[in-house]
Amino acid sequence: MSRILVGLIGAFVIVLAILGFSTFYTVSETQQALVLQFGEPIGEPIQEPGLHMKVPLLQEVRYYERRILDLDPPAERVILADQKPLWVDAFVRYKIIDPLHFFQTVQTEGRLRDRLGQIVNASLRSTLGNATLSTVLSDERAGLMAQIRDKVSTESTRFGIEVVDVRIRRADLPEETSQAVYQRMRSEREREAAEFRAQGFERAQQVRSTADREATVIRAEAEREAQILRGEGDGEKTKVLAEAYTKDEEFFRFYRSMTAYRKGLNSKDTTMVLTPDSDFFKYFNTMLESEGGN
783 MSRILVGLIG
793 AFVIVLAILG
803 FSTFYTVSET
813 QQALVLQFGE
823 PIGEPIQEPG
833 LHMKVPLLQE
843 VRYYERRILD
853 LDPPAERVIL
863 ADQKPLWVDA
873 FVRYKIIDPL
883 HFFQTVQTEG
893 RLRDRLGQIV
903 NASLRSTLGN
913 ATLSTVLSDE
923 RAGLMAQIRD
933 KVSTESTRFG
943 IEVVDVRIRR
953 ADLPEETSQA
963 VYQRMRSERE
973 REAAEFRAQG
983 FERAQQVRST
993 ADREATVIRA
1003 EAEREAQILR
1013 GEGDGEKTKV
1023 LAEAYTKDEE
1033 FFRFYRSMTA
1043 YRKGLNSKDT
1053 TMVLTPDSDF
1063 FKYFNTMLES
1073 EGGN
C-alpha cells in the first residue's frame, strides 16, 4: 500500500513539475510573443521582456524577433525605360512591429519572405521601368531607392512590419548589353574628344586672328609714329639748311650741289660727263685759286 502511495505522490509531483514548466515562459529583450489557444491568438502581444504565465496544455507561445531582419531576394531582371535589360540584386531590412497582424496575415517569417520578395521585385520593375540606365548609374539613384522603399513600405504595412531600408546591392548589365554600352560610351568619348579638338583649333584660330589684328594695329601705329618722326626730322633738316643758307649762301650751294652729284652717281653703272666750266669744277677751281693765293 505504501508503495502505491509513494508512486502516486511521485506521479503527482511529476505532473506538477510539467504543469509548472508549461505555465511559465520567458520573453527576452530581443523577442516578442503571441499566446495561442487552439491555434488562435488570444489577448495582446507580449512586448515586455520577463516571466509570463499561460494555461498549460491549452495554450502555446509563438515568438517573434524584435531586432531588424534582413531579406535578400533573388536578383531580378528589369527592363529600363530606354529598353536596356538590367539584373538588379536588392536587399531589404525590416522589423516586426505588430506580431498580431503578422500572425493573421503571414504567420511565419518564411511566408513573409516569399510575399515581401514579390513586393520588392514588383516595386523594382515599376520604378526602374520608368528610369534610364544613366539615371540608375547617376546620383539620382538615391531618389529611385527612396521611391522603391516607399512602395515596399506601403505594400507591406498590412503584414505588421516596418520596412527600414531597401538598397540595390548590385546592378549588372547582361554581357551582350555591356559590350554595346561600352562601344556606345567609347563612341561618345571619341566624339567629345573630336569636339574638344575642334574647339581648340577654333580657339587657336581666334587667338591667331586676334594676334594678327593686334600686330597690324601695332605696325600701323609704329609706321604712323615713324612718319611723324620722319616729318619732324625733315622739318628740322629744312630748318637747319635754311639757317645754313642764311649764314653762308655759298657753302649752302656747294653742299646742295655735292648732294645732288652723290645721288646722281650712286649707281656703279652711271657715267657723268662734265665740261671744265661746269658748276661742279667751279668750286674746285675756286679752292685751287685760294690755295695758290696762299
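Using the working numbering, read the sequence shown as starting at 783 and increasing by one per residue. Note that beta-carbon positions come from the ideal geometry of N, C-alpha and C, so glycine has one too.
Item, Value
"As assigned by DSSP and simplified to three states, the class of A815", "strand"
"Length of the line joining the Cα atoms of R844 and F873", "26 Å"
"G942 to R966 span [Cα, whole Å]", "47 Å"
"Secondary structure of I828, DSSP reduced to three states", "strand"
"Inter-stretch contact (C-beta, 8 Å, three-pair minimum) for the segment 843-859 and the segment 892-903", "yes"
"The segment 968-981 touching the segment 913-931, judged by at least three CB pairs closer than 8 Å", "no"
"Beta bridge counterpart(s) of E944 as assigned by DSSP", "K877"
"Where F806 falls: helix, strand or coil (DSSP)", "strand"
"Selection from Y1043, L816, D947, R952 that minimises the alpha carbon distance to V860", "R952"
"Beta-carbon proximity check, L898 vs S938, cutoff 7 Å", "yes"
"Own chain, CB closer than 8 Å to R849, minus 5 neighbours either side, in chain order", "T812, K877"
"Start-to-end residues for the alpha helix (DSSP H) that takes in L906", "891-910"
"Helix, strand or coil at G1075 [DSSP, three-state]", "At G1075, the pLDDT of 46 sits below 50, so the modelled position is not reliable and the matter cannot be decided from this model."
"Counterpart residues of R844 in DSSP-defined beta bridges", "L816"
"Counterpart residues of M927 in DSSP-defined beta bridges", "BP columns for M927 are empty, so no partner."
"Buried versus exposed, by CB contacts within 10 Å (16 or more), G1075", "Residue placement at G1075 is poorly supported in this model, since its pLDDT is 46, which falls under 50; the coordinates still yield a value, given next. It counts as exposed."
"Those residues which DSSP pairs with H834 across a bridge", "Y807"
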